[in-house]
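Residue numbers (my numbering): 1 to 523.
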């Protein structure tokens, strides 16, 4: 018990001898050490949770948490109760265990519905289960798409009728919940439509309706607005043809003149009329025997039975029937849709710029038009690129005109200013970081220096030399004692030595010290 008391007393004595800055530094070091130890301990003992499942229904979340509680797996429920998190090491074992239990089932059944057979099921229940299984399988397949979060499918399969004109068509509706805000592309919607139509017997793409969770119609009604759909597709085809021709001509001109020196625009008139032609041609000069029939008739009559054979009279006739086939040519022609009917091409060319001395002496860029021979060569290049045809009465116009460069100059100036600003900001940031580092290093150096100076002052002084034999008081020299005031700039170590020296002199010759003090008071 004595040793702890001694340690505490020494610590308290040491703290009392320390200056305010040293005490603050000591408290900061102790506090930082404790906070760092607590942080490291918490980081080491922290459990990293990872999502097990997200976007769950309340019933699914309840079943999953019940399973985790039975298996004593710690878990956390996310905001809204739609996600569940478990420790990182338990994610995959928990998923495998839940999959063996059929969780999460998402309330969607598939063909696994027929695994549970029951005797005595009526034909109506069989048909109902088949439709439920088909809807569930389609919903799972659509939900597996990257852009789709959940999906629900409803199929209506009418009863078979005796007459074909009374038979109703099969229809289906699909409700989609997307992962991100927005909508699906036309190709994706068309893909889902044909997927559902190909999976249900008797279902046509026109009988499928696709909506999102906001109630917005995503599928275009082909049957109700067939003309508008056709016009839209024709416009898309025309725009695709124009973009392709513009790209071909623009890339060639950019390779010759450089980027930004030309502008190409193409207008394509396409023929979307669709018709078929069937013709039959007969050639009377070209005949062939198709069939031939030969008939022979013979009539014999006898006058009396007693007549001889020479008295008999025979009548014979032969008939030949020949059928001829006339040569015939049958021709069926179906014209292609989307043929180019006429092209109109417009090309703008920028001229050249030559640097000449201006009125003020500074160089200026003067515009110079291109020669006609060069324009003719470029026109021929563009004609070959777009497939120009005089038979279609195509038209091409190439104009050499000076481009307005003012906006380009302004954009370049803004870009240069932005680059300069970023450059200066980067330099200023680096200079400030360097200054902050130097100031911090200087402050740390001063604090460390003060700390070691105070520590040296606190340490006990070195052992003094053994005292010499005492002489007579009359002949004993008295060490000189300075009477000047110690300035504040004297280090702590020197001050401590002076105090020790004064204490030693006071113990050896208290009378002399008293005389010195008396003299100082008189003065």
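Virtual Cβ for every residue (Gly too), placed ideally from N, Cα, C.
query                                                                                                                                                                         : result
How should residue 527 be labelled, buried or exposed, when 16 other C-beta atoms within 10 angstroms of its C-beta is the threshold for buried?                              : Within the shown structure, residues of the chain are numbered from 1 to 523, placing residue 527 beyond reach of any answer.
Using only the alpha-carbon positions, how far apart do residue 481 and residue 432 sit?                                                                                      : In this prediction, residue 481 has a pLDDT of 45, which is less than 50 and means its spatial position is unreliable; nothing more can be read from the coordinates.
Which class does residue 282 belong to by DSSP, given the choice of helix, strand or coil?                                                                                    : strand
Run through DSSP, which three-state label would residue 524 get?                                                                                                              : Shown here, the chain extends from 1 to 523; a query on residue 524 therefore has no answer.
From what residue to what residue does the beta strand (DSSP E) around residue 404 run?                                                                                       : Looking at the DSSP string, residue 404 is not in any beta strand (DSSP E), and its letter there is neither H nor E.
Given that a residue counts as buried once 16 or more other Cβ atoms are within 10 Å of its Cβ, and exposed if not, what is residue 60?                                       : buried
Start and end of the beta strand (DSSP E) containing residue 49?                                                                                                              : 49-53
Secondary structure at residue 145, three-state DSSP: helix, strand or coil?                                                                                                  : coil
Please report the distance separating the alpha-carbon of residue 5 from that of residue 22.                                                                                  : 23 Å
Just confirm the distance between the C-beta atoms of residue 142 and residue 192, as a whole number of angstroms; I'd bet it's less than 8 Å.                                : 6 Å
By Cβ distance, which residues of its chain are closer than 7 Å to residue 422, with the 5 residues on each side in sequence left out?                                        : none
Relative to the C-alpha of residue 325, which residue among 284, 55 and 361 is closest?                                                                                       : 284
Can you tell me which of 344, 186 and 400 puts its alpha carbon nearest to the alpha carbon of residue 386?                                                                   : 344
Look up residue 471 in the DSSP assignment and say whether it is helix, strand or coil.                                                                                       : Here the model assigns residue 471 a pLDDT of 43, short of 50, so the residue's position is not dependable, and the following value carries that caveat. Three-state DSSP puts residue 471 in coil, outside helix and strand.
How is residue 297 classed by DSSP in three states: helix, strand or coil?                                                                                                    : strand
Which of the three DSSP states, helix, strand or coil, is assigned to residue 287?                                                                                            : strand
Could you tell me which residues DSSP puts in a beta bridge with residue 342?                                                                                                 : 269
Evaluate residue 439 with the Cβ neighbour count: other Cβ atoms within 10 Å of its Cβ, from every protein chain shown; 16 or more gives buried, anything less gives exposed. : exposed
Using the DSSP secondary-structure output, state which residues sit across from residue 76 in a beta bridge.                                                                  : 85
Going by DSSP, which residues form a beta bridge with residue 445?                                                                                                            : Note: residue 445 sits in no beta bridge, so no partner.
Span of the alpha helix (DSSP H) holding residue 67?                                                                                                                          : 58-70
In its own chain, which residues sit with a C-beta less than 6 Å from the C-beta of residue 442, not counting the 5 before and 5 after it?                                    : none
Go ahead and label residue 530 buried or exposed: buried means 16 or more other beta carbons lie within 10 angstroms of its beta carbon, across all protein chains shown.     : It is not possible to answer for residue 530, since the shown part of the chain is limited to 1 through 523.
Please state whether DSSP places residue 320 in a helix, a strand or coil.                                                                                                    : strand
Within the 9 Å Cβ cut-off, does residue 293 reach chain B?                                                                                                                    : Among the protein chains of the structure shown there is no chain B, as only one such chain exists.
Using DSSP bridges, identify the partner residues of residue 154.                                                                                                             : 173
Return helix, strand or coil for residue 193, following the three-state DSSP convention.                                                                                      : helix
According to DSSP, is residue 275 helix, strand or coil?                                                                                                                      : coil
Tell me which residues share the same chain as residue 54 and place their Cβ nearer than 7 Å to its Cβ, disregarding the 5 neighbours each side in the sequence.              : 82 and 83
With three or more beta-carbon pairs closer than 8 Å as the criterion, would you say the stretch 247-257 touches the stretch 363-382?                                         : yes
Taking 9 Å as the cut-off, decide whether the C-beta atoms of residue 189 and residue 218 are in contact.                                                                     : yes
Assuming residue 97 is part of the alpha helix (DSSP H), what are its boundary residues?                                                                                      : 91-100
Under three-state DSSP, which class holds residue 251?                                                                                                                        : helix
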